[in-house]
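Residue numbers (our numbering), protein chains in the order written: chain U, 33 to 782; chain X, 148 to 485.
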């Protein structure tokens with residue numbers, strides 16, 4: 033339907049941009065209520081043990097302190113775990129702030145101070161003295177991997193390893209070329225720019241309006257209604273603007289719990305905002321150990337793939353993500369064995385972080401593919417092309433579309449891959465060794481269930497509404513574009529109303545499914561408006577559209593017209609006037625096409641090419657060029673789409689070179705809990721990043737042909753960087769991040 | 148954050164008197180480090196003495212050709228001062244290697260001399276730390292030591308001084324001017340910072356009530372041959388893993404005078420004047436530079452995680468001396484290392 037699009041597909045600047053750059057866009061912590069209170073959380077300073085005494089005497093003396101909550105005096109909350117399980121909850125016991133005297137992880141909230149000012153709350157929080165009995169902690173995945181286990185309850189069926197096919201061990205044993213290695217990823221912290229915050233407006237009679245930093249307003253609403261037994265019709269959660277989240281705000285966090293708890297208990301409005309430090313003790317990307325073994329024949333045809341992954345979880349929940357299954361579907365291979373386990377550590381429950389599982393697992397696979405290419409002596413890109421497969425062998429299903437060849441071709445051409453000299457250490461520039469590496473990326477193109485409402489007014493103005501979230505990705509803009517396209521109007525004529533829990537039902541913003549899901553819902557609702565408009569047009573006497581179906585009409589220049597002949601039609605305003613209407617509103621529900629999904633599965637793909645310059649003596653790596661070629665279905669807006677991929681590439685460079693949770697395993701405590709010591713790339717670390725979107729038509733991934741771009745940009749980037757470092761130096765570094773010490777201390781391969 | 152009193156000092160004498168009056172008073176200049184430390188509950192000053200009204204922002208030329216930098220001159224003002232760039236480019240370069248433009252605009256010269264270690268245990272009040280809480284022990288030893296000292300550490304403390312500016316000042320033999328209850332005095336910058344020994348809570352040799360008023364730099368011959376090479380975990384806004392400030396005066400093909408100061412390796416910017424003197428007359432070439440590095444690191448000892456710093460700083464010393472000798476100092480804008 034976007035064949036001759038006028039709005040969709042254009043690089044339109046964010047429609048919420050002016051509000052953001054002029055400070056008019058209010059985030060969760062930027063709402064004020066008269067007489068509101070402020071809360072501050074006290075964090076545990078041990079990783080495992082018990083609270084034996086809480087001394088709040090000093091804190092209570094701070095002027096302005098209203099109340100200090102601990103496990104000993106907290107209000108009653110729901111008893112059953114099911115009431116605490118949010119839409120993204122995991123198998124296990126959901127964390128309940130102030131549940132009892134147990135400390136399960138460093139930084140666990142152990143008390144909550146409410147005061148008249150944020151300063152008083154913070155000052156008093158520092159004066160709450162906790163006495164603990166600390167127990168031995170276990171936070172090092174390398175030391176604990178012998179305690180790993182298969183999750184007894186699967187988080188999602190598709191995270192379970194596929195049944196083995198062929199005989200991978202035997203094929204591996206007999207193959208001409210093979211490699212097998214362990215890959216280790218350190219834990220990572222999301223650290224979106226916006227801190228977690230909630231402003232709760234106490235409205236009395238069980239009613240609340242809550243401004244929350246969340247990736248799902250309805251998830252937050254349902255969570256607080258479950259935990260505090262509130263009436264969902266009286267609670268509105270708003271997340272009009274979200275300053276980044278990367279998956280950390282999928283599940284409700286303790287700030288929301290505390291804010292609602294205190295508001296209910298004290299019958300006052302309240303605001304709670306986390307500190308940057310507090311952001312380090314929440315959902316994180318789990319540390320992970322993987323063993324990947326690959327074997328091929330003399331021509332590079334894969335003969336065996338074995339992938340074993342173990343990642344961290346907490347004591348109380350079994351976090352799971354799809355780390356290893358990618359190895360069974362990325363390339364053609366008939367002998368595959370995949371296994372997956374988790375291990376309990378004394379840390380907060382890990383969670384989804386941009387391309388959860390894939391960023392970790394595809395990284396290991398793509399590094400292993402590079403190792404295999406060198407083992408065989410063929411070009412790493414040729415090895416991938418040779419093993420291309422247009423079928424998901426794990427599920428034995430067809431793939432809706434896979435323009436990965438185009439990614440390889442266009443990416444390699446833009447990068448100049450054919451100029452590469454294959455031998456490690458063969459390219460040099462002054463003191464720098466130059467390396468070129470590449471990797472493929474893959475992510476599920478998911479569509480979930482979603483709803484939307486679209487209203488067309490007689491004056492041609494359009495309103496789109498859904499309880500979707502824009503976490504900085506451009507959701508406002510693309511939804512406006514889709515509606516503008518259907519109604520043939522300027523995007524300025526469209527109002528996009530999202531970020532409120534009382535709007536049409538929408539799942540959390542995650543997994544790259546929002547554009548496909550809410551975008552399709554908007555389009556479907558808009559088409560329903562046209563259908564309704566036609567019905568009204570046909571009730572006019574005489575009607576030039578009397579004998580046509582809604583599939584034969586469209587909107588053009590403010591008129592409902594015949595698609596085949598725009599001369600025949602009626603102005604929208606005239607149709608509505610004839611029926612005495614001022615607007616027409618329709619509601620739509622969409623979901624994945626279950627019938628098609630029996631035969632098909634859908635993925636987005638990428639090819640990433642990276643140049644590094646390595647000063648080997650000083651251990652300094654610079655990523656001087658990146659070309660990321662993406663096959664992501666229809667691109668609704670090349671500008672916001674490009675930003676998504678750029679962000680993914682930068683985060684991937686951080687994964688390769690910088691990001692690492694520094695845990696003192698003697699105490700189980702995270703020691704680099706600020707942005708000075710926990711490194712992400714600075715501007716100086718980012719050089720040329722080039723994004724290509726290859727042509728990819730897909731009529732099955734979603735009704736609007738969209739696959740989603742939130743995750744694919746990061747997948748494979750760290751592997752491409754690490755492969756480039758190998759090409760530059762001959763050093764294969766399998767533990768991320770690749771810091772100075774690892775460059776200096778690694779051996780050069782023979 | 149705890150309640151504290153706040154006063155503005157109108158004269159140096161006011162500030163000194165306020166410091167003498169309250170041993171738990173702290174001076175506020177740029178506040179870039181002090182405010183962080185207060186927010187993290189690392190220090191709890193009872194009184195904040197804001198010295199920003201004091202007339203100590205100027206950079207003046209001295210009669211003998213050197214410069215005097217007021218204690219309140221911002222790091223940016225110093226780094227971009229034409230006279231500093233012409234006469235002491237090493238200092239300008241080191242300052243620009245540190246922090247971010249925003250921090251450099253706020254941070255003062257005196258405050259940079261007084262900045263605290265970035266040891267993560269010092270920064271976390273729930274851990275033992277002899278520097279923060281004397282006698283409580285050192286959590287860093289045996290812990291996460293990647294950023295810690297390889298020279299001059301003690302059993303009480305293995306923290307390092309994080310400054311870039313101070314490393315250059317030490318290489319340039321600067322003088323710190325201070326004023327206290329007993330009047331004014333000079334402290335050679337090499338004697339300003341301390342090794343931890345048994346009293347790691349003391350970072351420097353300032354006496355109680357003393358205020359830094361300025362820094363004096365004598366004229367030298369190093370403007371052509373110098374380099375500040377900083378190796379860090381990302382290319383901007385990161386404390387140095389190691390850094391080297393090198394100056395060299397070459398007569399013919401020989402070293403006439405050479406100075407090497409190291410950052411990120413010890414509780415103070417590290418310099419060994421005796422070792423430097425031994426290389427006077429040696430050929431200004433790679434082999435000599437390697438011997439210099441070996442000599443400076445004779446007593447280097449790793450803590451485990453930071454063992455790599457020893458070979459790293461060795462290479463960095465050689466590289467910085469090579470850059471200095473060839474008249475191609477490390478650029479802090481184009482971060483490409485030659």
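Built from N, CA and C at the ideal position, the CB exists for glycine as well.
Here the C-alpha atom of residue 583 (chain U) lies approximately 12 Å from the C-alpha atom of residue 565 (chain U). In this structure, the CA atom of residue 368 (chain X) is about 7 Å from the CA atom of residue 396 (chain X). With a minimum length of 4 residues, the unbroken runs of alpha helix (DSSP H) contained wholly in the segment 379–435 of chain X fall at 420–425. Under the 8 Å criterion on CB atoms, residue 182 (chain X) is classed as non-interfacial with respect to chain U. Using a Cβ-Cβ cut-off of 8 Å, residue 406 (chain X) does not count as an interface residue toward chain U, since no Cβ of chain U sits closer than that to its own. For the segment 436–452 of chain X, no residue has a beta-carbon sitting nearer than 7 Å to a beta-carbon of chain U.
DSSP lists U:243, U:532 as the beta-bridge partner residues of residue 270 (chain U). Taking the beta carbon of residue 779 (chain U) as reference, no residue of chain X falls within 7 Å; the closest one sits roughly 14 Å away. From the beta-carbon of residue 269 (chain X), no residue of chain U is found nearer than 8 Å; the closest lies around 11 Å away. Taking 4 residues as the minimum length, the alpha helix (DSSP H) runs contained wholly in the segment 312–370 of chain X are 312–318, 336–339, in order along the chain. Scanning its chain for C-beta atoms nearer than 7 Å, with the 5 sequence neighbours on each side dropped, one finds around residue 464 (chain U) the residues 645, 646, 647, in chain order. Beta bridge pairing from DSSP links residue 202 (chain U) with no other residue. A contact between stretches requires three or more CB pairs, one per stretch, nearer than 8 Å, and the segment 164–173 of chain X meets this requirement with the segment 192–212 of chain X. Note that the segment 234–251 of chain U does not touch the segment 319–333 of chain U; fewer than 3 beta-carbon pairs, one per stretch, sit closer than 8 Å. Taking C-beta separations shorter than 6 Å and ignoring five residues to either side along the sequence, the partners of residue 598 (chain U) in its chain run 588, following chain order. Taking CB atoms only, residue 462 (chain X) has a neighbour in chain U less than 8 Å away. Following the DSSP letters along the chain, one finds residue 652 (chain U) inside the beta strand (DSSP E) bounded by residues 652–663. Interface residue (Cβ-Cβ distance to chain U less than 8 Å): residue 482 (chain X) is classified as such. Looking at U:253, U:155, U:124, U:47, the one whose alpha-carbon comes closest to that of residue 73 (chain U) is U:155. In the structure shown, the three-state DSSP call for residue 546 (chain U) is helix. Across the set X:461, X:218, X:281, X:372, the C-alpha of X:218 shows the shortest separation from the C-alpha of residue 322 (chain X). Look at the segment 377–395 of chain X: the residues with a C-beta under 8 Å from a C-beta of chain U are 378, 380, 381, 382, 383, 384, 385, 386, 388.
Nearest to residue 717 (chain U) by C-alpha distance, out of U:766, U:768, U:652, U:767, is U:652. Taken in chain order, the members of the segment 447–469 of chain U whose beta-carbon sits within less than 7 Å of a beta-carbon on chain X are 462, 463. DSSP places residue 233 (chain X) in the helix class (H, G or I) of the three-state scheme.
Beta-bridge analysis with DSSP links residue 279 (chain X) to no other residue.
The beta carbon of residue 171 (chain U) sits closer than 7 Å to the beta carbons of 79, 377, 378, 379, 695, 697, 700 from its chain, once the five residues preceding and following it are set aside; these are given in chain order. Annotation for residue 774 (chain U): the continuous alpha helix (DSSP H) segment containing it runs 772–777. By the 16-neighbour rule on beta-carbons within 10 angstroms, residue 185 (chain U) is exposed.
Taken atom to atom, the span from the alpha-carbon of residue 470 (chain U) to that of residue 185 (chain X) is near 46 Å. Here residue 249 (chain X) is exposed. Its C-beta has fewer than 16 other C-beta atoms within 10 Å. Of the residues U:359, U:329, U:219, the one whose Cα lies closest to the Cα of residue 314 (chain U) is U:219. Judged by their CB atoms, residue 256 (chain X) and residue 198 (chain X) are not nearer to each other than the 8 Å cut-off. DSSP places residue 597 (chain U) inside the beta strand (DSSP E), whose first and last residues are 597–603. Annotation for residue 320 (chain U): the continuous beta strand (DSSP E) segment containing it runs 320–328.
Looking at the backbone, the Cα of residue 331 (chain X) and that of residue 339 (chain X) are separated by about 15 Å.
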